[in-house]
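Protein chains in written order, with this note's numbering: chain B, 362 to 709; chain U, 154 to 728. C-beta atoms are modelled at their ideal positions from N, C-alpha and C, and glycine is treated no differently. Note sheet for the following structure.
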Amino acid sequence: MRIRFFLLAAAVLPLQAFAAPQPPVLRVMTHDSFSVSKAVAERFETLHQAKLQFIRGGDAAEALAKAILSKGNPPADVLFGVDNTFLGRALAADIFQPYASPRLAEIPDELKLDPQNRLVPVDYGMVCLNYDKKWFASRSRPVPAALEDLAKPEFKGLLVVENPSTSSPGLAFLLATVARFGESGSYTWKDYWKALRGNGVLAVSGWSEAYYGEFSGGGKGRRPLVVSYATSPAAEIHYASDPKPKEPSTGNILEAAGSFRQIEFAGILRGAREPELAARFIDFLLDREFQEDIPLQMFVYPANRTAALPELFTRFASVPSGTEDLDSARIDAGREEWIREWIRIVLR
Amino acid sequence: MDSDRTPLGASGTVSGAVNGRWGRFSGSIALALIPVAFLGIFLLVPLCHVLFRFLSATPAGGFAAMVWNTDLPNVLLFTAGQALLSTLFTLLLGVPVAYVLGGYRFPGRTFILAVIGIPFVMPTVVVGSAFVALLGPGGILGRIVALLGAPEDFSLLRSLPAVILSNVFYDLSIVVKVVGGMRERMDPRLREAALTLGATRPAAFIRVTLPLLAPSIAAAGLLTFSFSFTAFATVLILGGPGMSTLETEIYRQAVNLLDFPAAAFLSLIQLVLVGSILALSAAAERRMSVSMKTLTAGRGLRRPAGGGERLLVFLFAVLPAFFSTVPLLVLAMESLRTPTGLGLRYWRMLLFEAGDSLFAVSPMAAIGNSILFAAAALLLCLSVGLPAAAYLASGRRSSPSRPAAAAEVLFLLPLGVSAVTLGFGFLLTFNRPPFDLRASPFLIPVAHALAALPLTIRTLLPAFRAIPPRLPEAASTLGAGPSGVAMRITLPLALPSVAAAAGFSFAVSLGEFSATSLLSRPEFPTLPILVYQFLTLPGDANRGRAMAASTLLMVVCGIGFAAIDRLRLLPERDA
């Protein structure tokens, strides 16, 4: 065995030697949706005389799973992209080291869910219902105003959601319904989902399948209502081919709650090779320059309250209010059981 | 035993005599060393690591809870059921197609062969959107059956037929390449002799052609079954949300529920099940295997004679090609369909407007990376697969030695290994300098080669076994060394199968199987990654560019197949 490893080393060592550069390298693991402007990332590199090496860990859940597996000997110094639906599990795994960045002063307290600052909030998205404007307008039918409406016969067979056991917006929407209808009383979240099932809700595995596969406003689907993000209509304009439409083809249903705030955190992994540089990177993530880069790169909202939103956001994706927040301890205690229960109600 | 089964006694088999003169023992062990080392390091060590780590700590009672929590009986039932049905339909469609494509020469044959291979590399998310357009409500199929009186919103999506159809779509090329490659090298004189001796056409088919094809049919069926058994993305994307295979359940437990012990438990079950099936079918295939005189690829091809044969060719070559092409054409069409009519706008955006993101990918770079990784995986896979197949073919067929039987199962074992589990095994194993390969691009071709290895070996093995042992024997009697025998006898004779195997490993790598289980580096984006990147954000430009990038992937794949197919034109001789 040892000999084989030796042979392997001979094959691989030159690569490694080649990869060892002069400036220190900060390794940042992110989920696949992470993005930053080239100019902004380069500013960090010149400012700190360092090189950024990004590593993609899959979607948010995969990246976290890989970080937990590599506990103590992480493949990266910083992990970006743990959200509040997994915060408790991430913290319980004890893989992050605390760092109270001075920039946290500019972050609203309601976003700071870890008092020890092992994970600090960088951005947040709002999971909510999107509707296809043309579909409703051409039929002169009303758009549902609240979650309850979705269980009414006039909206039968119109909604597509993501399976919460395989999709993060799907889980967020399930949590929104738990927050909205509660776990006890005469009408709980379970009753709501039973009613939705009776009303022909379609559940698919992930966001791309729902949005591009089934939603009539995004791809070639047939259903005019989808669980997506409050920023999706703005993205529809930003990523429209020329000529750009004046108004987005889809709209948000935000009025009567039914949306869930998905906060994304970053933290320094225990066992980081470059803890100092990692701390500077956390500062950088919270700094205004990166924060103002967030909206058009990732289509979520910056956590820093001093960051200005681009015009596209102020016009079509203003920050929604009145979300149903569940605290992360309650999410953590209930998540698995809710998912199992959801599968029983909706899929079996 | 072997010689009884050799039709027409074309070549008497002396079992195990292949390596006779130059010491069968040392020679074959040297052959086995490379594949065993490769699989030991990159499959067994990481796998044992992950299984031991998470199962050793589980109390006995914990397993009962896992069975309940993972809904194991239902998952097993669905996994096996859909795999059986998928295999059945793939063989029903694939064997006649292989028979026709491997037997007749007609215009467009090469083109059809290339087209049938393309689905294999398509990212499932993309195939999913093509299937939505085809099978979904208001889709093409829906409109056709509506004419026959079915309800207007008829849809096959999220159903068992959709899963089976997509498995057939993906795996058809395996059957066509494996069985067709064998048929192509069959000496037509065997069948003609049977006819001359008074056999009717059906009798000649049943008594001569079919037995000669049987090992390759079994091999193709086994591959299809294993691929369908471990189906992941097709089930997630096209299947109903209530459907889960072992593979999707392993992923869900590990990634979404962070329940690593349950994932390891399911991985072990999958490994044991697929491993036993492999062992059984390997034994069955050995019994069916016959040696025969083989021809240079294409020499046995003949033009369809008469109306009946022309109809046969049309039915089983042109129609299935249509079946493989339609979803691909739908994608190409979608890349041209903009809100303001047909146009090249998405292509222009894809090729010339990169955007300001640090991770903006130029499609040319993505093509370059895809080809580079695929070429590396191909080389790696062949350098492991050729000795592996040669080793397996060198043993006695009817009663192989125990190490040989074990090696055969080991070589095919990647089929049963859950991608996410192996990815986690890599993370746990190659994590210390100088072997901290976790984020190294080096692991990508390794993972692709692992995934492609069973296909490669299964493609090569029937061809290697079909080489009459007296040829290498004669060569070594005449003084050729082992490498001379390999280079001048074995390889040239098996060339069509080597080309098919190379095509498979190229395709597996281009299609990025199991990519999600590794850490990837944004500096080395590939075409499928580009496609996925576009499909994570809304907007018609994202969707359109995803379709354009998928079309590009099809083109690269088609060119790659055509290039690999040229391998067959290297100088070679008849056996």
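C-alpha of glycine 580/B to C-alpha of lysine 607/B: approximately 19 Å in a straight line. Counting only Cβ-Cβ distances below 8 Å, aspartate 393/B has contacts in chain U at Tyr685, Gln686 and Thr689, in chain order.
Taken in chain order, the unbroken stretches of alpha helix (DSSP H) that lie wholly in the stretch 589 to 648 of chain U and span 4 residues or more are 596 to 619, 623 to 630 and 635 to 638. Spatial neighbours of leucine 687/B in its own chain (CB-CB distance under 6 Å, excluding positions within 5 residues in sequence) are listed in chain order as Leu536 and Ala540. Proximity of glutamate 400/U to chain B, defined by a Cβ-Cβ separation below 9 Å, is not satisfied. Runs of the alpha helix (DSSP H) lying entirely within the stretch 361 to 402 of chain U, each at least 4 residues long, are 363 to 382 and 386 to 391 in chain order. Rounded to the nearest angstrom, the Cβ distance from threonine 527/B to arginine 405/U is 6 Å, consistent with a contact under 8 Å. Isoleucine 620/U and leucine 646/U have their C-alpha atoms spaced approximately 7 Å apart. If you draw a straight line from the Cα of isoleucine 429/B to the Cα of isoleucine 293/U, it comes to about 46 Å.
Per DSSP, the continuous beta strand (DSSP E) segment holding serine 589/B begins and ends at 586 to 590. At the C-beta level, proline 525/B and tryptophan 699/B come within 9 Å of one another. The three-state reading of DSSP puts arginine 701/B in helix, counting H, G and I together. Scanning its chain for C-beta atoms nearer than 8 Å, with the 5 sequence neighbours on each side dropped, one finds around lysine 412/B the residues Pro382, Pro384, Pro385, Val386, Leu387 and Glu406, in chain order. Taking every protein chain shown into account, the CB of tryptophan 221/U has fewer than 16 other CB atoms within 10 angstroms, so this residue is exposed. Residues of chain U with a Cβ closer than 7 Å to the Cβ of valine 680/B do not exist, since the nearest Cβ in that chain sits about 18 Å away.
Only exposed fits methionine 640/U, as fewer than 16 other CB atoms lie within 10 angstroms of its CB. Against valine 253/U, chain B offers no close residue; the least beta-carbon distance is about 34 Å (beta-carbon pairs closer than 9 Å).
Taking the beta carbon of asparagine 409/U as reference, the chain B residues within 7 Å of it are Ala422, Ser526 and Thr527, listed in sequence order. Residue state for methionine 441/U is assigned as helix, using DSSP reduced to three classes.
Ranked by Cα distance from leucine 408/B, the options Glu625/B, Ile468/B and Phe642/B are led by Phe642/B. Boundaries of the alpha helix (DSSP H) around glutamate 653/B: 649 to 659. Around the beta carbon of serine 499/B, fewer than 16 other beta carbons lie within 10 angstroms, which makes this residue exposed.
Assignment of aspartate 510/B by DSSP, reduced to helix, strand and coil, places it in the helix class. The alpha carbon of alanine 627/B has as its nearest neighbour, out of Ala400/B, Phe674/B, Ala421/B and Glu403/B, the alpha carbon of Ala421/B. The C-beta of isoleucine 655/B comes no closer than 9 Å to any C-beta of chain U. Annotated three-state conformation of glutamate 406/B is helix, per DSSP. Within the same chain, and ignoring the five residues on either side of threonine 592/B in sequence, the residues whose Cβ sits closer than 6 Å to its Cβ are Phe660 and Ala678. Alanine 571/B places its beta carbon less than 9 Å from that of valine 588/B.
Note that the C-beta distance between arginine 338/U and alanine 616/U is below 9 Å. Pairing proline 341/U with glycine 453/U, the inter-Cα distance amounts to about 6 Å. With 16 or more other CB atoms across the displayed protein chains lying within 10 angstroms of its CB, alanine 596/B is buried. Residue environment analysis places arginine 344/U among the buried positions, since at least 16 neighbouring C-beta atoms fall within 10 angstroms of its C-beta.
For proline 604/B, the closest Cβ of chain U is nearer than 9 Å. Using a Cβ-Cβ cut-off of 9 Å, glutamine 658/B counts as an interface residue toward chain U, since at least one Cβ of chain U sits closer than that to its own. A residue is called buried once 16 or more other Cβ atoms fall within 10 Å of its Cβ, and alanine 210/U, having fewer, is exposed. In this model, valine 253/U and valine 466/U are separated by some 6 Å (Cα to Cα).
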